[in-house]
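Under my numbering, read the sequence shown as residues 2 to 225, first letter to last.
Just so you know, even glycine gets a beta-carbon here, dropped at the ideal spot from N, CA and C.
None of the values given here were measured: they were computed from a predicted structure.
Structure first, then comments.
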Amino acid sequence: MDAITQAKKAAGEKAAALVQPGMLVGLGTGSTAYWAIEKIGEMVKGGLNIRAVATSLASEKQARELGIPITSFSEIQQLDIDIDGADEVSHDLQIIKGGGGALLREKIVAMASRRKVIVADERKYVKTLGKFPLPIEIIPFGWELVFRAVQSLQGAPTLRTKDDKPYITDNGNYILDCAFGAIENPEQLHHQLKAITGVVETGLFINMQPTVIIAYENGDVKTI
Ligand code: 5RP
């Protein structure tokens with residue numbers, strides 16, 4: 002296992018240790034959240050009694066295979082803890098998510114959770130957001146109009162593709178990856194983007210007061 006994968010595993014496992022018996026747990030998406038889910042799966046096999054909501058079909062499949070009981074918002078109101086990855090976390094704890102395409106469900110689950118825990122390796126922890134292109138989830142109909150509106154905000158959008166076709170999210174939508182450069186005011190940008198008809202959600206996770214667990218290649222793990 003290389004040093005970055007080791008760091009992701011360490012961050013995921015540290016977050017999993019925060020899960021207590023009886024909790025309702027949000028399961029994130031991506032290669033770091035993967036390790037948290039694996040660890041929670043082990044804990045469930047060892048007798049831990051929890052229920053979880055997954056932020057993507059991929060994470061739900063992983064959780065089911067590990068025997069983690071899955072629930073939904075038709076049965077519960079709120080989660081106790083949500084453990085998820087990030088594409089960038091700024092020093093003032095604003096976040097870009099959506100690199101894995103799950104940003105909409107991730108935000109719904111995060112907003113429904115009392116405690117939000119972000120797990121990331123050291124490369125994601127940055128002074129200012131924006132080196133990672135900001136994903137926004139948009140409605141397929143008329144997507145070109147949203148594309149142009151983002152261009153007019155200097156967002157340099159690219160329609161995400163897979164096998165030369167538009168990438169389709171778990172919700173049947175498209176994703177624009179938008180290069181805004183340094184994002185000095187994430188809150189303002191989030192609201193500007195949400196005001197465009199056809200934008201479903203942005204990957205800016207703002208003012209969520211998360212617990213952030215950063216794992217370093219040298220083996221250190223810091224909780225911020
Ligand atoms: C998926 C996400 C992921 O949490 C984010 O892309 C980080 O993934 P990884 O841990 O694989 O780097 O937002 O939509």
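I'd like the list of long-range same chain contacts for residue i, defined as Cβ closer than 8 Å, with 5 residues on each side in sequence excluded.
| i | result |
| --- | --- |
| residue 23 | 50 and 51 |
| residue 73 | 54 |
Among the residues of its own chain, which have a CB less than 7 Å from the CB of residue i, if the five just before and after it don't count?
| i | result |
| --- | --- |
| residue 92 | 128 |
| residue 125 | 87, 88, 89 and 90 |
| residue 40 | 13, 14 and 17 |
| residue 108 | 202 and 206 |
| residue 36 | 9, 10, 13 and 14 |
| residue 104 | 98, 136, 138, 202 and 204 |
| residue 59 | 30 |
Please determine, among the options, the residue with the shortest C-alpha to C-alpha distance to residue i.
| i | options | result |
| --- | --- | --- |
| residue 3 | 175, 168, 218 and 19 | 218 |
| residue 182 | 157, 171 and 163 | 157 |
| residue 174 | 186, 147 and 191 | 147 |
| residue 143 | 19, 67, 200 and 44 | 200 |
| residue 234 | 43, 134, 172 and 94 | Any answer about residue 234 is impossible in this case: the structure gives the chain only from 2 up to 225. |
| residue 130 | 32, 220, 178 and 186 | 186 |
How long is the line joining the alpha carbons of residue i and residue j, rounded to whole angstroms?
| i | j | result |
| --- | --- | --- |
| residue 11 | residue 141 | 38 Å |
| residue 164 | residue 139 | 19 Å |
| residue 195 | residue 69 | 34 Å |
| residue 25 | residue 71 | 10 Å |
| residue 197 | residue 184 | 18 Å |
| residue 99 | residue 34 | 13 Å |
| residue 119 | residue 151 | 28 Å |
| residue 170 | residue 102 | 6 Å |
| residue 154 | residue 46 | 49 Å |
| residue 178 | residue 65 | 30 Å |
| residue 67 | residue 149 | 44 Å |
At a cut-off of 7 Å, is residue i close to the ligand 5RP when judged by its beta-carbon and the heavy atoms of the ligand?
| i | result |
| --- | --- |
| residue 220 | no |
| residue 177 | no |
| residue 19 | no |
| residue 99 | yes |
| residue 87 | yes |
| residue 32 | yes |
| residue 195 | no |
| residue 102 | yes |
| residue 29 | yes |
| residue 14 | no |
| residue 107 | yes |
Less than 7 Å between the CB of residue i and some heavy atom of the ligand SAH, yes or no?
| i | result |
| --- | --- |
| residue 160 | As far as ligands go, the structure on display features the ligand 5RP and does not contain the ligand SAH. |
Take residue i and list the residues in its own chain whose beta-carbon comes closer than 6 Å to its own, dropping the five residues that flank it on each side.
| i | result |
| --- | --- |
| residue 29 | 56, 84, 85 and 86 |
| residue 96 | 87, 90 and 206 |
| residue 27 | 54, 80, 83, 110 and 114 |
| residue 117 | 83, 111, 209 and 211 |
| residue 122 | 5, 8, 9 and 216 |
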